[in-house]
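Numbering of the sequence shown is given in this note's numbering, commencing with residue 33 and proceeding in unit increments. Only one structure is covered here, and it is reproduced in the block below.
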Amino acid sequence: RSMDTFGAVLGPALALVYLYFYPEDYINLFYIAFIPGVLAVVASFLLKDKKMETTSQKKKVNFFSFIKYWKQSSAEYRKVVLGLLLFALFNSSDVFLLLKAKDAGLDDTWVIGIYIFYNLIYALTAFPLGSFADKIGLKKMFVFGLIIFSLVYFGMGLATNLYAIIALFFGYGIYAAATEGISKAWITNISKEENTATAVGTYTAFQSIVAMIASVMAGLLWFYFGANVTFLVTAIATVGVIVYFLKLNFTSQKLKL
Numbered sequence: 033r034s035m036d037t038f039g040a041v042l043g044p045a046l047a048l049v050y051l052y053f054y055p056e057d058y059i060n061l062f063y064i065a066f067i068p069g070v071l072a073v074v075a076s077f078l079l080k081d082k083k084m085e086t087t088s089q090k091k092k093v094n095f096f097s098f099i100k101y102w103k104q105s106s107a108e109y110r111k112v113v114l115g116l117l118l119f120a121l122f123n124s125s126d127v128f129l130l131l132k133a134k135d136a137g138l139d140d141t142w143v144i145g146i147y148i149f150y151n152l153i154y155a156l157t158a159f160p161l162g163s164f165a166d167k168i169g170l171k172k173m174f175v176f177g178l179i180i181f182s183l184v185y186f187g188m189g190l191a192t193n194l195y196a197i198i199a200l201f202f203g204y205g206i207y208a209a210a211t212e213g214i215s216k217a218w219i220t221n222i223s224k225e226e227n228t229a230t231a232v233g234t235y236t237a238f239q240s241i242v243a244m245i246a247s248v249m250a251g252l253l254w255f256y257f258g259a260n261v262t263f264l265v266t267a268i269a270t271v272g273v274i275v276y277f278l279k280l281n282f283t284s285q286k287l288k289l
């Protein structure tokens, strides 16, 4: 996650340099951004995957296979994923945070700069927090991330000046480092080895659906009640998710994280 996020730092940084010399030339900027995307697709064909063992009977997979896996999965898996999805239901797109920064009076250059800053903090802290999570337990690290998230959103609901916004984006980078990779690792640890990809894929499928709902809800709250209410509602809801995870217990000693 750390190495991946450094790319999210480099890209916006180059965009910021481009806009410095060519202000508001967004159309050509998007054309340029298309090039590395194509190169990434081409490079993926050069990767060699592991040889899969051939079996006499292949499992039939369709678009809704993840629902079938959910029904067959362990109780521990469903408990964890349910909590993750509850959080995802209120974790709207990061665009709302950038809109808040814009509403606070920051121009486009500052907004891009603060997004770079967030990704830089995320990249720098992802590895050490991941390593620390291996020592203290994934659940503890994830809950720590949720606490930071809740505080950031409470702050966003009240912040009005540049320095507060910068500090909150610093905290948001810490939250991302403490949760993004951790959630996938957690799911991997509570899944059977032969079903790891299916377990993560099932979670991702549900998360994608819930994420869309979350952003629609946030948009409606923003439209009817304003930015402050949107962030405060999210912060309060996250506290409920934190309580859920704190009370979450596993029956298997192996899965007590």
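For every residue, glycine included, the Cβ atom is placed at its ideal position computed from N, Cα and C. From a predicted model like this one, the values you see are computed outputs, not experimental measurements.
Q.
For A65 and F255, what's the separation of their Cα atoms in angstroms?
A. 31 angstroms
Q | Bounding residues of the alpha helix (DSSP H) (the contiguous stretch that carries K224) | A | From DSSP, K224 is part of no alpha helix (DSSP H); its letter is neither H nor E.
**Q.** Reduced DSSP secondary structure (H/G/I, E/B, other) of T266
**A.** helix
Q) Nearest-angstrom Cα distance between G162 and L152? A) 16 angstroms
(Q) Do S247 and S125 count as a contact pair if the criterion is CB distance below 9 angstroms? (A) yes
Q: Please state whether DSSP places L253 in a helix, a strand or coil.
A: helix
Q) Which class does V55 belong to by DSSP, given the choice of helix, strand or coil? A) Position check: residue 55 holds Pro in this sequence, whereas Val was assumed. Correct three-state label for P55: coil.
Q: Reducing DSSP to helix, strand and coil, say where D126 ends up.
A: coil
Q: Indicate the three-state DSSP secondary structure (helix, strand or coil) for L289 in the structure shown.
A: Legend: pLDDT at L289 = 48, less than 50; position of this residue unreliable, no value from coordinates given.
Q.
How far does the alpha helix (DSSP H) with D140 in it extend, from its first residue to its last?
A. 140-168
**Q.** Three-state class that DSSP yields for K172 in the structure shown
**A.** helix
Q: Buried or exposed for I222, please, with buried defined as at least 16 other CB atoms from any protein chain shown within 10 angstroms of its CB.
A: buried
**Q.** Three or more C-beta pairs below 8 angstroms linking the region 141-158 and the region 266-282
**A.** no
Q) Just how far apart, CA to CA, sit L51 and I219? A) 41 angstroms
Q) Over what stretch of residues does the alpha helix (DSSP H) that includes A107 continue unbroken? A) 107-120
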